[in-house]
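Colleague: Would you mind keeping the following structure in view while I ask a few things?
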Amino acid sequence: MRVGIVTATYLPSRNGVATSTALFARGLRERGHDVRIFAPRHPQMPPHEDGVYRLNSSFAGARALGAPADYPVMLAPGPLLTSRLPLRDLDVLHTMHPFLAGGLALKWGRLAGAPVVYTAHTQYDQYLHYAPMPKRVGRAVLRPHVGAFARRVSAVLAPGQAMVDMLREYGYAGEVELFPNPVDLASFQAADGAAFRAQFHIAPETPLVVSLGRLAPEKNLDVMLRAFDQARASRPELRLLVVGDGPSRAALEREAREGVTFTGPVPYARVPEALAAADAFLTASTSEVLPMSMIEALAAGAPLVAARSPAALDLIEEGVNGTIRDASPSALAGGLLDTLHPDRLLGLQAGARASAGRYDLAGRARALEQIYERVTAGQSKRR
Numbered sequence: 001m002r003v004g005i006v007t008a009t010y011l012p013s014r015n016g017v018a019t020s021t022a023l024f025a026r027g028l029r030e031r032g033h034d035v036r037i038f039a040p041r042h043p044q045m046p047p048h049e050d051g052v053y054r055l056n057s058s059f060a061g062a063r064a065l066g067a068p069a070d071y072p073v074m075l076a077p078g079p080l081l082t083s084r085l086p087l088r089d090l091d092v093l094h095t096m097h098p099f100l101a102g103g104l105a106l107k108w109g110r111l112a113g114a115p116v117v118y119t120a121h122t123q124y125d126q127y128l129h130y131a132p133m134p135k136r137v138g139r140a141v142l143r144p145h146v147g148a149f150a151r152r153v154s155a156v157l158a159p160g161q162a163m164v165d166m167l168r169e170y171g172y173a174g175e176v177e178l179f180p181n182p183v184d185l186a187s188f189q190a191a192d193g194a195a196f197r198a199q200f201h202i203a204p205e206t207p208l209v210v211s212l213g214r215l216a217p218e219k220n221l222d223v224m225l226r227a228f229d230q231a232r233a234s235r236p237e238l239r240l241l242v243v244g245d246g247p248s249r250a251a252l253e254r255e256a257r258e259g260v261t262f263t264g265p266v267p268y269a270r271v272p273e274a275l276a277a278a279d280a281f282l283t284a285s286t287s288e289v290l291p292m293s294m295i296e297a298l299a300a301g302a303p304l305v306a307a308r309s310p311a312a313l314d315l316i317e318e319g320v321n322g323t324i325r326d327a328s329p330s331a332l333a334g335g336l337l338d339t340l341h342p343d344r345l346l347g348l349q350a351g352a353r354a355s356a357g358r359y360d361l362a363g364r365a366r367a368l369e370q371i372y373e374r375v376t377a378g379q380s381k382r383r
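Counted from 1, the sequence shown has number 133 at position 133 by full-length UniProt numbering; the numbering is strictly sequential.
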């Protein structure tokens, strides 16, 4: 099957959509499919990428729209560039975005006579503080657009229940299929965190908590730091590694107390060892859908201590692979201490590894292949 994936963000940008897109492409290719990725140009992209077709982009546009610094904004390709892209023989198109990338997917789907699949990844209401307009105006523009876009595609997927609920709020009443993101299970299960611990001077026996992701206001990181500080008052030997970068980093570093180390960004190849170094993974975010970092933590054997959110409810089986607590410092601190208790920790770590099995790349790629087969069969019948 010839698959075209139209995405507004791709490697080397560091976010869940870019990572999951690259993983799905790899999984589909391993199953024998021809996968073509259409993504914005990035100044750090490799000189040659098999199966990746770069479209013009703008970092100035990203800043104007409030997008993260590592998220160049895709620009609409002109007729000359479009004519050079391998579009006409595509069997199916897949997009993760209801805006320009989604519009291109619909346009190119008509050109190829191919159906379009849409994965709704982002709770856009949670990110309106980045947009250069009042939130009320942003919602009034955003919601009907996303709902209308979902009605125009052949299949709508959502990685977690939060996105299903969002689509309903946005006026989309059609079918939505829950479709979790994948993880390269083998690389996380085989990872060894000893070198990562040693790099940051953390002894093997020291109980280590890890937080990994973008350091931004919507992540509720100040609550996470206060929760860790409260837990450390009971167990002074605890350490916290905050892995990642973002606009809130400087302020958080000023706020953090003893026992907290900010590692800065790490290459994605080192994420498995960073998570394998952890005894537990801590997050206070309530804006997540089904974050890659939380799935990856489970795969590495780090139980989750999470604020109550749709993502936590989707991922965590209480007392088996982690715990869900209220989004307050005291509640999360209690959850962290319970998780790290010697009588429970080993069982929770084993439960984390076991629960990650349903997200393994091979199975998720096979499931996506079946969706593509279904929508292409439906397209043929309509013809």
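Cβ coordinates follow ideal geometry from the N, Cα and C atoms, glycine included.
Return helix, strand or coil for tyrosine 172, following the three-state DSSP convention.
Modeller: Coil at tyrosine 172, not helix or strand.
Colleague: Going along the chain, which residues of its own chain have a beta-carbon closer than 7 Å to the beta-carbon of glycine 109, five neighbours each way excluded?
Modeller: Within the same chain, glycine 109 has close Cβ partners Leu93, Pro115, Val116.
Colleague: Quick test of your reading: alanine 227 and proline 329, contact by CB under 8 Å. State the CB separation rounded to the nearest angstrom.
Modeller: So it is a contact: roughly 4 Å between Cβ atoms.
Colleague: Nearest by alpha-carbon distance to leucine 346: which of Leu90, Gly322, Val289, Ala367 is it?
Modeller: Selected option, being the one with the closest Cα: Gly322.
Colleague: Measure the CB-CB distance between valine 289 and glutamine 123 and report whether it falls below 8 Å.
Modeller: Yes, they are a contact pair.
Colleague: Cα separation between valine 305 and aspartate 192?
Modeller: Their backbone Cα atoms lie some 21 Å apart in a straight line.
Colleague: Taking the alpha helix (DSSP H) that arginine 110 belongs to, which residues open and close that run?
Modeller: Arginine 110 -> alpha helix (DSSP H) spans 100-112.
Colleague: To the nearest angstrom, how far is the alpha carbon of histidine 33 from that of threonine 206?
Modeller: Going by the C-alpha atoms only, they are around 46 Å apart.
Colleague: First and last residue of the beta strand (DSSP E) that includes aspartate 34?
Modeller: 34-40 is the extent of the beta strand (DSSP E) around aspartate 34.
Colleague: How many angstroms separate the CA atom of glycine 66 from the CA atom of glutamate 273?
Modeller: In this predicted model, glycine 66 has a pLDDT of only 48, less than 50, meaning its place in the structure is not dependable; the value taken from the coordinates is given anyway. Rounded to whole angstroms, glycine 66 to glutamate 273 spans 32 Å at the Cα level.
Colleague: Pick out the complete alpha helix (DSSP H) segments inside the stretch 262-291, 4 residues or longer, and give them in chain order.
Modeller: Fully enclosed alpha helix (DSSP H) runs of 4 or longer: 271-276.
Colleague: Distance, Cα to Cα, arginine 364 vs alanine 233?
Modeller: Each residue's alpha carbon lies about 42 Å from the other.
Colleague: Work out the CA separation of glutamate 169 and residue 388 for me, nearest whole Å.
Modeller: For residue 388 there is no data in the structure shown, the boundaries of the chain being 1 and 383.
Colleague: Evaluate contact between the stretch 3-14 and the stretch 40-58, counting only Cβ atoms and requiring at least three cross-stretch pairs below 8 Å.
Modeller: Segments in contact, yes.
Colleague: Could you have a look at arginine 2 and say whether DSSP puts it in helix, strand or coil?
Modeller: Arginine 2: strand per DSSP, three-state reduction.
Colleague: How big is the Cα-Cα spacing for glutamate 177 and leucine 167?
Modeller: If you take the alpha carbons of glutamate 177 and leucine 167, they lie about 12 Å apart.
Colleague: For arginine 63 and proline 72, what's the separation of their Cα atoms in angstroms?
Modeller: With a pLDDT of 48 at arginine 63, under the threshold of 50, the predicted position of this residue should be treated as unreliable, and no value is reported.
Colleague: So if DSSP puts alanine 306 in a beta bridge, which residue, or which two residues, is it bridged to?
Modeller: Beta-bridge pairing links alanine 306 to Thr283, Ile324.
Colleague: Since arginine 325 and glycine 319 are thought to touch, with beta carbons under 8 Å apart, how far apart are those beta carbons, to the nearest angstrom?
Modeller: So it is not a contact: roughly 13 Å between Cβ atoms.
Colleague: Pairing CB atoms from the stretch 181-200 with CB atoms from the stretch 22-30, are three or more of them under 8 Å?
Modeller: Yes, since at least three Cβ pairs between the stretch 181-200 and the stretch 22-30 fall closer than 8 Å, the two stretches touch.
Colleague: Count Cβ pairs between the stretch 291-309 and the stretch 200-215 that sit closer than 8 Å; are there 3 or more?
Modeller: Touching, yes, given that three or more Cβ pairs across the two stretches are closer than 8 Å.
Colleague: Tell me the rounded alpha-carbon separation between arginine 197 and proline 303.
Modeller: Rounded to the nearest angstrom, the two C-alpha atoms are 18 Å apart.
Colleague: Is it true that the stretch 267-285 meets the stretch 219-226, where meeting means three or more beta-carbon pairs spaced less than 8 Å apart?
Modeller: They touch, by the three-pair rule.
Colleague: Would you give the residue range spanned by the alpha helix (DSSP H) that serine 211 belongs to?
Modeller: Segment 208-212 is the beta strand (DSSP E) holding serine 211; no alpha helix (DSSP H) there.
Colleague: Between Gly259, Gly264, Phe59, Ala186, which lies nearest to residue 390 when the distance is taken from Cα to Cα?
Modeller: The displayed coordinates of the chain run from 1 to 383. Any statement about residue 390 would go beyond what the structure contains.
Colleague: From Gln199, Thr119, Gln189, Ile202, pick the residue whose C-alpha is nearest to that of methionine 163; which is it?
Modeller: Ranking Gln199, Thr119, Gln189, Ile202 by Cα distance to methionine 163 puts Thr119 first.
Colleague: Work out the CA separation of leucine 361 and isoleucine 316 for me, nearest whole Å.
Modeller: Each residue's Cα considered, the two are about 19 Å apart.
Colleague: I'd like the span of the beta strand (DSSP E) that includes alanine 190, first residue to last.
Modeller: Per DSSP, alanine 190 belongs to no beta strand (DSSP E) and is neither H nor E.
Colleague: Can you give the Cα-Cα distance for leucine 157 and alanine 203, rounded to whole angstroms?
Modeller: Cα-Cα distance, rounded: 43 Å.
Colleague: DSSP state of histidine 145, grouped into three classes?
Modeller: The answer is helix: DSSP assigns histidine 145 an H, G or I state.
Colleague: Can you list, in chain order, the residues of its chain with a C-beta nearer than 7 Å to that of phenylalanine 200? Leave out the 5 residues immediately preceding and following it.
Modeller: Correct list, in chain order: Leu241, Thr261, Thr263.
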